[in-house]
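Position one of the sequence shown corresponds to residue 277 (our numbering), numbered consecutively onward.
C-beta atoms are modelled at their ideal positions from N, C-alpha and C, and glycine is treated no differently.
Here the structure is a predicted model, which is why all the values come from computation and not from measurement.
Reviewing the structure listed below.
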Amino acid sequence: MSQLYEAVPARRELTAVSADGTRIHIEEYGRADGPTVVLSHGWTCSTLFWAPVVRLLADDHRVVAYDQRGHGRSGAPATRRGYGTGVLADDLQAVLEAVVPEGERAVLVGHSMGGMTIMAASGRAAVRDRTAAVLLASTGSGRLLGSTEVLPPRLSSRRLRRIFHRQLLVSRMPLGRVTPLSKAALKYGVLNPDATPEQVDFTARIVHACRARHRSAWGRVLAVLDLDAELPAVVAPTAVLVGTADKLTPRVHARGIAAALPRPAGLTELPGLGHMTPIEDPRAVERVIRELVANHLTAGLSDGGTADSGPTASEHAPLSSVEEKSV
């Protein structure tokens, strides 16, 4: 496996405590004095998911990634009330308050459920004031069951697809160890037909590590997702990216989101790619992130100006407390 798909050692690790007490694991990479990019991963993933993108950005950026609750090294909710888009927004707010001081801003990048997290949180002053720009990658704002194409539309009715895709989301069946069959299923469902063996292995390693109970609980949230009303609150310049062969969040979602954004910053459709765009083509994702940083975070700073002016820093009390761990 190439170095691109190996874990990146964190420069610093922290724990943010969210509004309900859930502990959120955070990792920082790269230059402490670089422009800040915050990465939010999707369903069944972890900070490891971002390793290829982190490697491409870390030389000249401060890169922050965190584990969503119930994933990776973050805490897990004790009850079903601990799952939902509202608590995802709480967690992102806690992370931003921990890593982006008042008066400073970052570029936020969300893949799949991570993009949904950003949509859910963008109306909050503490999030909005810390956001210079956003990238929403391979994500949707609602109606996931009816549009998902894991079961091909040409071979099934809409009703059958909804039933099948719901069961796929909410299943509590443990995935067990990685096998050739599970890798083939993941390649079909979330990658593209030309995905390399190392991309398939990397994806399987990440997805199989997610605990079945939490995978199912978050699947129930995704099955009824409705964030359309939150899109007008995503007021930062926002780029949207999708693979044209994405079966989980087909490009109809990306196009709908891009059309609804107050400040669209471009729609990128990557030919032939599936749902795991940061794994399948990390350099394409890197390019969009760098454009957002250059245009909306660092532009004008070298000559004493301020980057793309946004709202002033919020004065409301932080949601979170923070603990720093030595690495």
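Each of E474, C486, A480, S414 was checked against the Cα of M449, and the nearest Cα belongs to C486. Closest by C-alpha distance to A402, out of R539, P377, G519, E562, is P377. For E562, the enclosing alpha helix (DSSP H) covers residues 558-572. When the beta-carbon positions are compared, A413 and V293 stay at least 8 Å from each other. In the structure shown, V371 falls within a helical segment according to DSSP collapsed to helix, strand and coil. Taking a C-beta distance under 8 Å as the contact criterion, H387 and S350 do not qualify as a contact pair.
Here the segment 532-542 makes no contact with the segment 449-462; the two share fewer than three CB pairs at distances below 8 Å. Within the same chain, T361, M392, M395, A396, S417, G418 come within 7 Å of L503 by CB-CB distance, once the 5 residues on both sides are set aside.
V329: member of the alpha helix (DSSP H) spanning 327-333, first to last residue.
Beyond the five residues adjoining it in sequence on each side, H551 comes within less than 6 Å, by CB distance, of S414, V466, D522, L524 in the same chain, given in chain order.
For V466, the uninterrupted alpha helix (DSSP H) run begins and ends at 456-466, by DSSP.
By the criterion of a C-beta distance shorter than 7 Å, L507 is surrounded in its chain by M395, S417, I533, A536, L537, once the five residues flanking it on both sides are discounted. Counting the other CB atoms within 10 Å of its CB gives V500 a total below 16, which places it among the exposed residues. As the crow flies, the alpha-carbon of L324 is around 9 Å from that of G348.
When C-beta atoms of the segment 303-317 are compared with those of the segment 464-478, fewer than three pairs fall below 8 Å, so the two segments do not count as touching. By the neighbour-count criterion, in which 16 or more other beta carbons inside 10 Å mark a residue as buried, Q279 falls on the exposed side.
Counting C-beta pairs with one atom in each stretch, the segment 280-291 and the segment 310-321 have fewer than three that are closer than 8 Å, which means they do not touch. Contiguous alpha helix (DSSP H) elements confined to the segment 378-405 occur at 389-397, 401-404, taking only those with 4 or more residues. Excluding residues up to 5 positions away in sequence, G346, P353, R356, Y359 lie with their Cβ nearer than 8 Å to the Cβ of A493 in the same chain.
Inside the segment 499-550, DSSP marks whole alpha helix (DSSP H) runs of 4 or more residues at positions 527-536, from first to last along the chain. Using a Cβ distance threshold of 8 Å, A409 and V375 do not count as a contacting pair.
Check the Cα spacing between R489 and each of W319, D296, T291, A334: the tightest is with W319.
Your pair T520 and L498 does not check out as a contact, with CB atoms roughly 22 Å apart and the cut at 8 Å. Between the beta-carbon of S322 and that of D343 there is about 5 Å, and that keeps the pair under the 8 Å contact cut. Going by DSSP, E304 is part of the beta strand (DSSP E) stretching over 299-306. Residue range 473-484 is occupied by the alpha helix (DSSP H) that includes V476. It is roughly 8 Å from the alpha-carbon of P513 to the alpha-carbon of H572.
Within its own chain, the residues whose Cβ lies closer than 6 Å to the Cβ of T298, once the five positions on either side in sequence are excluded, are R345, G351, listed in chain order.
Counting along the chain, the unbroken alpha helix (DSSP H) around S423 starts and ends at 420-423.
Between the C-alpha atoms of V339 and V330 there is a straight-line separation of about 7 Å. Cβ atoms of A295 and D366 come within 8 Å of each other, at about 4 Å.
Assignment of beta-bridge partners to L451 by DSSP yields no partner. One thing to note: V564 has its Cβ within 8 Å of the Cβ of L517. Taking C-beta separations shorter than 6 Å and ignoring five residues to either side along the sequence, the partners of L368 in its chain run T393, A397, following chain order.
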